[in-house]
Amino acid sequence: MESIVLVGFLASLGAGLATAVGALPILFIDKPSERQQNVFLGFAAGVMLAAAFFSLIIPGLEQAEELGATRVGAAGTIVAAVLLGALSLSALDRFAPVEVTAIGPADAPADQVRRIWLFIAAITLHNFPEGLAVGVSFGGGDFGNGTATAIGIGLQNMPEGLAVAASLLTLGYSRRFAWLAALASGLVEPIGGLLGVGIVSLSASLLPWGLGFAAGAMISVVASEIIPETQRRRPSMRATHGLMVGLTAMMFLDVTLG
218 MESIVLVGFL ASLGAGLATA VGALPILFID KPSERQQNVF LGFAAGVMLA
268 AAFFSLIIPG LEQAEELGAT RVGAAGTIVA AVLLGALSLS ALDRFAPVEV
318 TAIGPADAPA DQVRRIWLFI AAITLHNFPE GLAVGVSFGG GDFGNGTATA
368 IGIGLQNMPE GLAVAASLLT LGYSRRFAWL AALASGLVEP IGGLLGVGIV
418 SLSASLLPWG LGFAAGAMIS VVASEIIPET QRRRPSMRAT HGLMVGLTAM
468 MFLDVTLG
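Residue numbers (this note's numbering): 218 to 475.
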């Protein structure tokens, strides 16, 4: 049992560290112009929209059905979880003190900083149920399935790490800070992995709720904060192109590796 727990933890840790690998290009990019900022934010929004549906909602539906729910019951569970996630992010946005949600460079607008950090909070949140999924896979005793799950999630985490780092770079943070933040966002994953491999029966029942909750949080913050930010100063087709590239790239990875 101890070896399974260790392997599940290490596999989920590896998947989480892939966010830092994906963010490596940010170390070689100068502070972006306004147009480049819009492209980066659009790319980040596209990545997270695809991840919400293909990495979270669809697997959540499948997991709920595997646990014995009918198709209608599985859909109802995910709908409730998605709405709960969206409401939770809205509550965080409304009630969290500005000092907590808007800490950034002195020359960065507070509203813009708040939007980006809410976005990063949603990305970080979604890594927990992904780690949970890796842990559950190993906890069930199927090392082949667990390894495949960890590799797939790790590869999917790479564009997410780039999205985190690029969004912080648009605020004027240093390249090093942006990369470290991407690394930190992925370190939530092994925590979920430990829970998943340690108490499989409980974790499996929580997994659909966790996946749906994270999806709702991400969709909410992308729709209400990130996409409007890319169009705030002037309509930007570059941001739309960035969104489409991020969405299709993430969709391809999720479908081929899922």
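Every residue, glycine too, gets a C-beta built ideally from N, C-alpha and C.
On a predicted model such as this, the values are computed, not experimentally measured, just so you know.
Please determine, among the options, the residue with the shortest C-alpha to C-alpha distance to residue i.
| i | options | result |
| --- | --- | --- |
| LEU460 | LEU244, ALA367, GLY263 and GLY233 | GLY263 |
| GLY433 | LEU349, GLY233 and HIS343 | HIS343 |
| ARG252 | MET454, THR465 and PHE469 | MET454 |
| ALA261 | ILE416, GLY378 and ARG393 | GLY378 |
| ALA456 | ALA398, LEU258, LEU428 and GLN329 | LEU258 |
| SER391 | ALA228, PHE355 and LYS248 | LYS248 |
| VAL426 | ASN255, PRO276 and MET265 | The displayed chain sequence assigns Trp, not Val, to residue 426. Answer by Cα proximity: PRO276. |
| ALA440 | PHE394, ILE416 and SER307 | SER307 |
| LEU309 | VAL289, THR287, ALA339 and ALA421 | ALA339 |
| ALA421 | LEU234, PRO242, GLY233 and LEU278 | LEU278 |
| GLN448 | PRO326, VAL256 and PRO242 | VAL256 |
Determine, using beta carbons only, whether residue i and residue j come nearer to each other than 8 Å.
| i | j | result |
| --- | --- | --- |
| GLU406 | GLY348 | yes |
| LEU284 | GLY369 | no |
| VAL353 | LEU424 | yes |
| VAL381 | ALA367 | no |
| VAL224 | PHE430 | no |
| LEU388 | VAL299 | no |
| MET435 | PRO376 | no |
| GLY403 | ALA235 | yes |
Please classify residue i as buried or exposed, where buried requires at least 16 neighbouring CB atoms within 10 angstroms.
| i | result |
| --- | --- |
| LEU244 | exposed |
| PHE469 | exposed |
| SER220 | exposed |
| GLY302 | buried |
| ASP328 | exposed |
| SER250 | exposed |
| THR287 | exposed |
| VAL438 | buried |
| VAL417 | buried |
Once the 5 residues before and after residue i are set aside, which same chain residues still bring their CB inside 7 Å of it?
| i | result |
| --- | --- |
| ILE408 | PHE345 and GLY348 |
Might you give, ordered along the chain, the residues of its own chain that have their beta carbon closer than 8 Å to the beta carbon of residue i, omitting 5 neighbours on each side?
| i | result |
| --- | --- |
| PHE226 | GLY352, PRO407, GLY410, LEU411 and VAL414 |
| VAL296 | GLY429 |
Please return the same chain residues whose Cβ sits closer than 6 Å to the Cβ of residue i, not counting the five positions on each side in sequence.
| i | result |
| --- | --- |
| ALA281 | ALA291, THR294 and PRO425 |
| ILE444 | ALA262 |
| GLY463 | PHE260, GLY263 and VAL264 |
So, does the stretch 410-419 touch the stretch 332-341, judging by three or more C-beta pairs under 8 Å?
no
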